[in-house]
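Taking the numbering used here, the leading residue of the sequence shown gets 178, the next gets one more, and so forth.
Here is the structure we will look at.
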Amino acid sequence: MIHAENLSVSYDDVDALADVDLDVDEGEFVTVVGPSGCGKTTLLRTIGGLQEPTTGTVTVDGDPPEVAQSAARLGFVFQDHTLLPWKSAVENVTFLRRMAGKDPDPAGARDLLTTTGLDGFEDARPSELSGGMKQRVAIARAVHLGADVLLMDEPFGELDEITRDEMGVEILRLWRKNRKTVVFVTHSVPEAVFLGDRCLVVAADGDADPAANGSPGRIVAEFDIDLSRPRDESVFGSETFGAQVARVRGALHGDT
Ligand SMILES: Nc1ncnc2c1ncn2[C@@H]1O[C@H](COP(=O)(O)OP(=O)(O)O)[C@@H](O)[C@H]1O
Ligand SMILES: [Mg+2]
178 MIHAENLSVS YDDVDALADV DLDVDEGEFV TVVGPSGCGK TTLLRTIGGL QEPTTGTVTV
238 DGDPPEVAQS AARLGFVFQD HTLLPWKSAV ENVTFLRRMA GKDPDPAGAR DLLTTTGLDG
298 FEDARPSELS GGMKQRVAIA RAVHLGADVL LMDEPFGELD EITRDEMGVE ILRLWRKNRK
358 TVVFVTHSVP EAVFLGDRCL VVAADGDADP AANGSPGRIV AEFDIDLSRP RDESVFGSET
418 FGAQVARVRG ALHGDT
């Protein structure tokens, strides 16, 4: 579904990302974990057609990302939820479909808001919602768009840990129901393990050595996450979970 080859991205004076080869299958949930500044957002933006690669190619279902994006086959959820403050939750959810020239389907939007735990808040404005609730609206909006691929960039980054865990369970429930292909970026190792079928570890050489600052991020390790589905909060206490978190942490700190 997503195919990237020999991808690198350099900004004016920063090499952000290098040597990325990546394949994500249809319906797969792939997580990308790494320290801040290692190029995770750059990778996601490049897959999404928001950033031109410096070398290499990316395709989404065989097409350039720009094509997939303009056909509303890509949905984005960012840390900064970017809801329209003057519109209600439902109107925010239908907005992207409207923009894409699709039937806005407000009834479907209300259903999705119920599924994401916002029963009773459908007509509330963003200012009346908590951070977690706003992020639920943003997720419902991306799912409602009907995109095949969801690209999520630290969507729970600003939430407290408990809400974060709940949102993780929620996102897995939605994913089971809708079977999107997901690329989910996070700097939290437990989150990456809990959510993913597969976890990619991104790091730059300089991460362990500030003096070497400026080297690009690369995919340094990749793990199949060996946890059965469906997963819920009970997973967090399991030994297998702890072992996989330790493995990913090890890769982040340069052990192999
Ligand atoms: N638009 C930009 N212009 C110049 N440098 C950028 C830009 N976006 C990101 N960078 C730099 O590229 C590197 C990777 O950034 P980013 O992809 O945001 O990493 P992450 O999401 O992992 O924190 C960082 O050094 C960052 O400062
Ligand atoms: Mg980022």
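All residues carry an ideal CB built from backbone N, CA and C; glycine is no exception.
- In the three-state DSSP reduction, D374 falls in the coil class, being neither helix nor strand.
- When the Cα atoms are used, L260 and A317 turn out to be separated by approximately 12 Å.
- Here A317 carries a helix assignment [DSSP, helix/strand/coil].
- Straight-line spacing of the CA atoms in A181 and V197 works out to 7 Å.
- Within the segment 183-254, the complete alpha helix (DSSP H) runs of at least 4 residues fall at 217-224 and 242-247.
- Nearest in C-alpha terms to G285, of all of D374, V360 and V270, is V270.
- Collapsing the DSSP output to three states places L306 in coil.
- Taking the CA atoms as reference points, E335 sits about 32 Å from T234.
- Here the alpha carbon of D257 sits roughly 28 Å from the alpha carbon of P407.
- Between the alpha carbons of P283 and S265 lies a distance of about 12 Å.
- Across the structure, A381 and G214 are spaced so that their CA atoms are roughly 9 Å apart.
- Counting C-beta atoms within 10 angstroms of its own C-beta, I339 has fewer than 16 neighbours from the protein chains shown and is therefore classed as exposed.
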